[in-house]
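Asker:
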Amino acid sequence: MSVNAPATVPASGARCAAHPESAADATCTRCGSFYCESCAGYQFGAERFCVRCDPGGEYVAWEDRRRLGTWTAFLRTLKSLLLGPDRFFQRMPAHGGFGGPLLFAWISWLLAVGMVFIIYAVIVGGMFAILPFPPDAAGEQGPTAPIIVGIALAVMGCLALGIVPALFVWSLLLHLFAKIFGGAASYEATFRCHAYASGALALGIIPFIGMTAGEVYWVVLSIFAVKHAHKVSTGRAVAIVLTIPLLCCGLYFVSVFGLAALGSAAR
Ligand SMILES: [Zn+2]
Ligand SMILES: [Zn+2]
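Going by the numbering used here, the letters in the sequence shown line up with residues 38 to 304, in that order.
(1) Can you check which of these residues, L240, A266, H265 and I246, is closest to W255 by C-alpha distance?
(2) Measure the beta-carbon distance from P130 to A232 and round it to whole angstroms, keeping in mind my assumption that it falls under 8 Å.
(3) Mind checking which residues open and close the alpha helix (DSSP H) that includes R102?
(4) Could you tell me which residues DSSP pairs with A60 in its beta bridges?
(5) Express the C-alpha separation of I188 and E100 in angstroms, rounding to a whole number.
(6) Since G247 contacts M152 with CB under 8 Å, what's their CB separation in whole angstroms?
(7) Is it right to say S301 is buried, meaning 16 or more other beta carbons lie within 10 angstroms of its own, or is it exposed?
(8) Closer than 6 Å is what we want: which residues have a beta carbon that near any heavy atom of ligand 2? List them in chain order.
(9) Tell me which residue opens and which closes the alpha helix (DSSP H) that E252 is part of.
(10) Less than 6 Å between C-beta atoms, sequence neighbours within five positions excluded: which residues of the same chain meet that for A305?
(11) Which residue's Cα is closest to the Cα of R76: G50, R102, T107 and R124?
(12) What's the call for P122, buried or exposed, on a 16-neighbour Cβ count within 10 Å?
(13) Where does the unbroken alpha helix (DSSP H) through R128 begin, and where does it stop?
(14) Can you round the beta-carbon distance between R128 and G94 to whole angstroms, since I take them to be within the 8 Å contact cut?
(15) Taking 7 Å as the cut-off, is the C-beta of F4 nearer than that to any heavy atom in ligand 1?
(16) Thinking just about the alpha-carbon of each residue, which of F141, H212, A158 and L119 is nearest to the one in A266?
(17) Helix, strand or coil: which one does DSSP assign to P47?
(18) Within this structure, are the beta carbons of L258 and L118 separated by less than 8 Å?
(19) Let's test the definition: count the other Cβ atoms within 10 Å of the Cβ of T227 and tell me whether it reaches 16, buried, or not, exposed.
(20) Rounded to whole angstroms, what's the CA-CA distance from G78 to S70? Just pull it up for me.
(21) Just confirm the distance between the C-beta atoms of A262 and C230, as a whole number of angstroms; I'd bet it's less than 8 Å.
(22) Which term fits A274, buried or exposed, when burial requires 16 or more other beta carbons within 10 angstroms of its beta carbon?
(23) Short check: CB of I281 to CB of L210, under 8 Å?
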């Protein structure tokens, strides 16, 4: 073994001390035993503890991405988030900054929108190949497929930038309602909850139904996240998470009916 090789990486074929069926992911720097991903405790810089040495067991694979590699860390995090949200948010550290979860949410969102874009590009491109716009009276050609694809890419670019302030603002609203309902966590923790829960949007990669499924599951994941981070009951977590969309719908209907009433009164 070279001097620089990290001492925490077990030999290939090593198994977890607690789960012989799972491959060892790392070696605990305190007790020296091999552990698998589900046995990982919180990672303090070069130190990495197994869940027996760090019973809190705070761990998110995404925040260990320097060691795991970005893509592996992303897929592992997505898998544990989507398949075991209760355990995922139980283990999510309340601290660790904004950048990591933000990047995770952004990649998840980009996967979903990328798929929507491909579907529309195929449909619209196909339509234009069959039925191009006829030239208008002056003989000018109507919009061509490259122009339409260019517009779609520009819209996507704006949305890709817009998701960053949107995550911060929505987290702020979520945090406000969490405090009203007796939540205990910091804004940082609320933001991390919201950003990781947004990983549900990656379901958008499933053609046609994925976007809707992702949005519904996003609400479900947010409830688990708020419940664990703010240490509130499931009922309160549901109230905190659903208040914002309900208020948005309420404001929408009030403004639509208000404008309609004003319109008929003016006549
Ligand atoms: Zn240990
Ligand atoms: Zn294990």
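All C-beta atoms in this analysis are idealised placements derived from N, C-alpha and C, irrespective of residue type, glycine included.
Answerer: Well, looking at it:
(1) L240
(2) That belief does not hold up - the Cβ atoms of P130 and A232 are roughly 13 Å apart, past 8 Å.
(3) R102 to L105
(4) R52
(5) 35 Å
(6) 7 Å
(7) exposed
(8) C53, A55, H56, S59, Y72, C73, S75 and C76
(9) G247 to H267
(10) A question about residue 305 goes unanswered here, because the residues of the chain that appear run from 38 up to 304.
(11) Correcting the residue identity first, residue 76 is Cys in this sequence and not Arg. Closest by alpha carbon: R124.
(12) buried
(13) P122 to R128
(14) 6 Å
(15) Because the chain in this structure spans residues 38 to 304, residue 4 falls outside the shown range and cannot be described.
(16) H212
(17) coil
(18) yes
(19) buried
(20) 12 Å
(21) 4 Å
(22) buried
(23) yes
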